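Single-structure report; data block below.
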């Protein structure tokens, strides 16, 4: 991957995930949904949409980065694990302040933490270890 493409990917994923998490959290909060379920749905939605936007911008528009037209099954597992862990962590962080936050904040934090975990997992997956010398 060219220099700077990884940083651009991270910035795109984090910003999009926060925005999508906030929108989904706000919409589900207006529907009166339980905050735990709201966090899980917002985190998963944010992770999936951020991954799609990242692919479109980095690979299709700018033409850099790995070709992920065929996504390995392990990446789907990463998305599920990261969205569940990030969403529940975001919910727990805000759990003590129930009177002071809305579903928008739950969704934003769930999206942010899910995106961060997903980014770390995907970067680790695509890292190429240096060849070992004998």
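In the working numbering, the protein residues as written are 4 to 137. All C-beta atoms in this analysis are idealised placements derived from N, C-alpha and C, irrespective of residue type, glycine included. Since we're looking at a predicted model, the values are computed, not measured.
Going residue by residue through the segment 8-65, where are the continuous beta strand (DSSP E) segments of at least 3 residues, counting only ones entirely within it?
none
Whole-angstrom distance between residue 42 and residue 107, CA atom to CA atom
Mapped onto the chain shown, residue 107 falls at position 104. Mapped onto the chain shown, residue 42 falls at position 39. Computed Cα separation, rounded: 10 angstroms.
To the nearest angstrom, how far is the alpha carbon of residue 32 from that of residue 38?
Residue mapping note: residue 32 aligns to position 29 of the chain shown, counting from 1. Residue mapping note: residue 38 aligns to position 35 of the chain shown, counting from 1. Going from the Cα of residue 32 to the Cα of residue 38 covers about 8 angstroms.
Would you report the Cα separation of residue 22 and residue 52, rounded to the nearest angstrom?
As a first step, residue 22 must be located in the chain shown, where it is residue number 19. As a first step, residue 52 must be located in the chain shown, where it is residue number 49. Distance between the alpha carbons of residue 22 and residue 52 is about 10 angstroms.
Output the boundary residues of the alpha helix (DSSP H) element that contains residue 123.
Counted from its first residue, the chain shown places residue 123 at position 120. From DSSP, the alpha helix (DSSP H) with residue 123 extends over 106-129.
Residue 81, buried or exposed, once every other Cβ within 10 Å from all chains shown has been counted against 16:
Sequence index remark: in the chain shown, residue 81 carries index 78 (1-based). By the neighbour-count rule (16 or more Cβ atoms within 10 Å), residue 81 is buried.
Compute the distance between the beta-carbons of residue 89 and residue 50, then report whether it is under 9 angstroms.
Your numbering for residue 89 matches position 86 in the chain shown. Your numbering for residue 50 matches position 47 in the chain shown. Cβ atoms of residue 89 and residue 50: closer than 9 angstroms.
Which same chain residues end up closer than 7 angstroms to residue 13 when comparing Cβ atoms and leaving out the 5 residues on each side of it in sequence?
On the chain shown, residue 13 is found 10 positions in, with the first residue counted as 1. Closer than 7 angstroms at Cβ, skipping near neighbours: 122.
Beta-carbon gap between residue 116 and residue 93 smaller than 9 angstroms
For the purposes of this step, residue 116 is taken as residue 113 along the chain shown, with counting starting at 1. For the purposes of this step, residue 93 is taken as residue 90 along the chain shown, with counting starting at 1. Result yes, Cβ atoms of residue 116 and residue 93 sit closer than 9 angstroms.
Return the chain-ordered list of same chain residues with a C-beta closer than 7 angstroms to the C-beta of residue 3, the five sequence neighbours on each side being excluded.
Absent from the model: residue 3. The displayed extent of the chain is 4 to 137, so no value can be given.
Cβ neighbours of residue 25 in the same chain (closer than 6 angstroms, five flanking residues each side left out):
The residue given as residue 25 occupies position 22 in the chain shown. The answer, listed in chain order, is 107, 110, 111.
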